[in-house]
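**Q** These protein sequence lines are chains A and B, in that order. The opening residue of the first sequence carries number 1 in my numbering; numbering runs sequentially from there. The opening residue of the second sequence carries number 1 in my numbering; numbering runs sequentially from there. A virtual CB, placed ideally from N, CA and C, is assigned to each residue, including glycine. One structure follows; several queries about it will come next.
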Amino acid sequence: MASARPAKPDVMTFGDHEVITPDTSKLRKTLRAAQAGEPDPVAAAEEALAQISGDFNNWMQDELGRLDAARHRVRQAGLSKETRQELFLAAHDVKGDCGTLGYPEAAPAADSLCRLLEHTPDLRRIPLPIVDQHVDAVRAIVREHDRPDIGSIAAALTSKLRSVTDEFLMQENQDRPDVLKQIQSPSLAPGASF
Amino acid sequence: MVRIDFNRLRFLVIDDNAHMRRIMRTLLHGFGARDVYEAEDGAAGLDAFTHHVPDIVLTDWAMPIFDGLELTQMIRQPNANSNPFVPIIMVTGHTEKERVTAARDAGVTEFLAKPISAKALYQRIVNVVANPRPFIKTKTYFGPCRRRSNSTTYSGPERRKGGKADVIRQPALLDKAKMLG
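Now the structure itself:
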């Protein structure tokens, strides 16, 4: 069943633009004051997430399986547009999801692999051992996650990978100042918005 | 402090990763939402958008077939679909500044960098509900107003022509929403 169509928006026309005020009455009608003793919705959502967290380890293993399979296809078929995309999506999912699944230490290594795949102009020039090292690092960090020193181990491993990757990317993009600027710009903090 | 009646809102979650869809659905149900639809790529997402007419769209960026950015551009076509003004929250592992700018310029309403948390997701939803921005239509852009504040110290060129409409006041509800943080 579809929602009722919203009312026609108000439009103010100016020299080179229009300012349009859409009908947001349906959204606004959902706002109300909190009632005394009402449960916190964020706490309720966190509790709901905690109830399914027992599956997170298996989900992380699924993500690693995808990453490993994509790596093997690269090894078999070489880096093409298709195999690059498959590997990139797998690494990107690990980067984005591992923190929620309880393995935040794996994100920087996955991020480094994403950068390598995204910013190398000629895929054929990517040394496959660097790809392997990234995938193996992500897998090792997840596998050894229960170690008390996993934070420092992951940081050391990732730092080396990132250093090698950035050096390669700087070399490969030396004639592309826009890409160089992008490579050197800092990432947003997790959970950041505009 | 304000609350949202989530059970009166319809959500569409678009993500190629089934685990992430499950997490998003769990969080939304935890907030109190009942109507949560899912799609696994941009094409299926556009189809679901047309069919279910959601009140809020949450989309990943990196997806096969067409991605979240392309999906946003397809939704933000004035007169081309049932609700080109729908709030779009992009939930993505892309964290580079250029990506954020590209998402904004495609017409995304809010941007949330993964990993997500219940609190961060809730805040984005409160923001699109309590603080709806007007839309701007130019030759090259159609989407939520990209000016989030009225700076009194801005000294650069005025890029919009037309006088009074250059000042767009934010609704007072924003202040209420901020209290939730």
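Are Leu67/A and Val138/A closer than 8 Å when you measure CB to CB?
**A** Yes, they are a contact pair.
**Q** Tell me which residues share the same chain as Leu174/B and place their Cβ nearer than 7 Å to its Cβ, disregarding the 5 neighbours each side in the sequence.
**A** Residue confidence is low: Leu174/B scores 48 on pLDDT, short of 50, so the model does not pin down where it sits. Its coordinate-derived value is still stated next. For Leu174/B, where only same-chain residues beyond five positions count, the Cβ hits under 7 Å are Ala130, Asn131.
**Q** What three-state label does DSSP hand Arg10/B in the structure shown?
**A** The answer is strand: DSSP assigns Arg10/B an E or B state.
**Q** Taking Ala91/A as the reference, give the member of Ser112/A, Pro148/A, Glu46/A with the closest Cα.
**A** For the residues Ser112/A, Pro148/A, Glu46/A, the minimum Cα distance to Ala91/A belongs to Ser112/A.
**Q** In the DSSP assignment, what residue or residues form a beta bridge with Tyr37/B?
**A** DSSP, once it has assigned bridges, lists Leu12/B as partnering Tyr37/B.
**Q** With a threshold of 8 Å on Cβ separation, who are the neighbours of Gly37/A within its own chain once the five nearest residues in sequence on each side are excluded?
**A** Closer than 8 Å at the Cβ level, and outside the excluded window around Gly37/A, lies no residue.
**Q** Let me confirm a value: Arg125/A is counted as buried when at least 16 other C-beta atoms fall within 10 Å, else exposed. Which label applies?
**A** By the 10 Å Cβ count, Arg125/A comes out exposed.
**Q** Tell me whether Phe66/B sits in a helix, a strand or coil according to DSSP, three-state version.
**A** Note: Phe66/B maps to coil in three-state DSSP.
**Q** What runs of the alpha helix (DSSP H), each 4 residues or longer, lie entirely inside the segment 137-182 of chain A?
**A** Whole alpha helix (DSSP H) segments, 4+ residues: 150-172.
**Q** For the segment 94-116 of chain B, list every residue whose C-beta sits within 7 Å of some C-beta in chain A, in sequence order.
**A** Listed by position along the chain: Thr95, Glu96, Lys97, Glu98, Val100, Arg104, Glu110, Phe111, Leu112, Ala113, Lys114, Pro115, Ile116.
**Q** Assuming Phe142/B and Pro87/B make a contact with CB atoms under 8 Å, what is their CB distance in whole Å?
**A** That belief does not hold up - the Cβ atoms of Phe142/B and Pro87/B are roughly 15 Å apart, past 8 Å.
**Q** Are the beta-carbon atoms belonging to Leu27/A and Asp55/B less than 8 Å from one another?
**A** Closer than 8 Å, so yes.
**Q** Hey, is the segment 35-55 of chain A in contact with the segment 81-99 of chain A, meaning 3+ C-beta pairs nearer than 8 Å?
**A** They do not touch, by the three-pair rule.
**Q** Are any of the Cβ atoms in chain A nearer than 8 Å to that of Asp5/B?
**A** Yes - at least one Cβ of chain A is within 8 Å of the one on Asp5/B.
**Q** With a Cβ-Cβ cutoff of 8 Å, do Thr120/A and Glu172/A count as a contact?
**A** In contact: Thr120/A and Glu172/A (Cβ atoms closer than 8 Å).
**Q** Does the beta-carbon of Gly151/A have 16 or more other beta-carbons within 10 angstroms, so that it is buried, or is it exposed?
**A** Exposed, because fewer than 16 other Cβ atoms sit within 10 Å of the Cβ of Gly151/A.
**Q** So Pro22/A is in the beta strand (DSSP E); what residue range does that whole segment cover?
**A** Careful: Pro22/A lies outside any beta strand (DSSP E) and carries neither H nor E.
**Q** Count the other C-beta atoms from every protein chain shown that fall within 10 angstroms of the C-beta of Pro186/A, then say buried if there are 16 or more, exposed otherwise.
**A** Result: exposed.
**Q** Is the distance from the Cβ of Leu242/A to the Cβ of Val74/A below 8 Å?
**A** Beyond the ends of chain A as shown, which are 1 and 194, falls residue 242/A; an answer cannot be given.
**Q** Give me the chain A residues within the contact set of Leu27/B, using Cβ-Cβ distance strictly less than 8 Å, ordered along the chain.
**A** Correct list: Ala45, Ala48, Leu49.
**Q** Taking the alpha-carbon of Ile216/A as reference, which of Ile136/B, Arg146/B, Thr140/B, Arg147/B has the nearest alpha-carbon?
**A** Residue 216/A cannot be examined here, being either before or after the span of chain A that is shown, 1 to 194.
**Q** Which residues does DSSP list as the beta-bridge partners of Ala33/A?
**A** Partner(s): Val2/B.
**Q** Can you grab the Cα-Cα spacing for the pair Gly15/A / Thr140/B, in whole Å?
**A** So the two alpha carbons sit approximately 14 Å from each other.
**Q** Determine the chain B residues that contact Ala69/A at a beta-carbon separation under 8 Å, and present them in chain order.
**A** Within 8 Å Cβ-Cβ: nothing; Ala69/A doesn't reach chain B, min ~15 Å.
**Q** Tell me whether the beta-carbon of Thr59/B lies closer than 8 Å to the beta-carbon of Met24/B.
**A** No, Cβ-Cβ distance for Thr59/B and Met24/B is not below 8 Å.
**Q** Where DSSP assigns a beta bridge to Ile184/B, which residues make up the other side?
**A** Here chain B has residues from 1 to 181 only, and residue 184/B is not among them.
**Q** Quick one: is Arg147/A buried, meaning 16 or more other Cβ sit within 10 Å of its Cβ, or exposed?
**A** It is exposed - the Cβ of Arg147/A has fewer than 16 other Cβ atoms within 10 Å.
**Q** Taking a cut of 7 Å between CB atoms, which residues from the segment 127-139 of chain B lie near chain A?
**A** So the list reads Val129, Ala130, Pro132, Pro134, Phe135, Ile136, Lys137, Thr138, given in the order they occur along the chain.
**Q** Using the Cβ count rule (16 or more neighbours within 10 Å means buried), how would you classify Lys114/B?
**A** Buried: at least 16 other Cβ atoms inside 10 Å.
**Q** Under 9 Å Cβ-Cβ, which residues of chain B neighbour Arg32/A?
**A** Per Cβ cutoff of 9 Å: Val2, Arg3, Ile4, Asp5.
**Q** What residues in the segment 84-99 of chain A have a beta carbon less than 7 Å from any beta carbon of chain B?
**A** Cβ contacts with chain B come from Leu89, His92, Asp93, Lys95, Gly96, Asp97, Gly99.
**Q** Let me make sure I understand the geometry here. Which of Met12/A, Thr13/A, Lys29/A has the alpha-carbon closest to that of Asp5/B?
**A** Per the Cα distances, Lys29/A.
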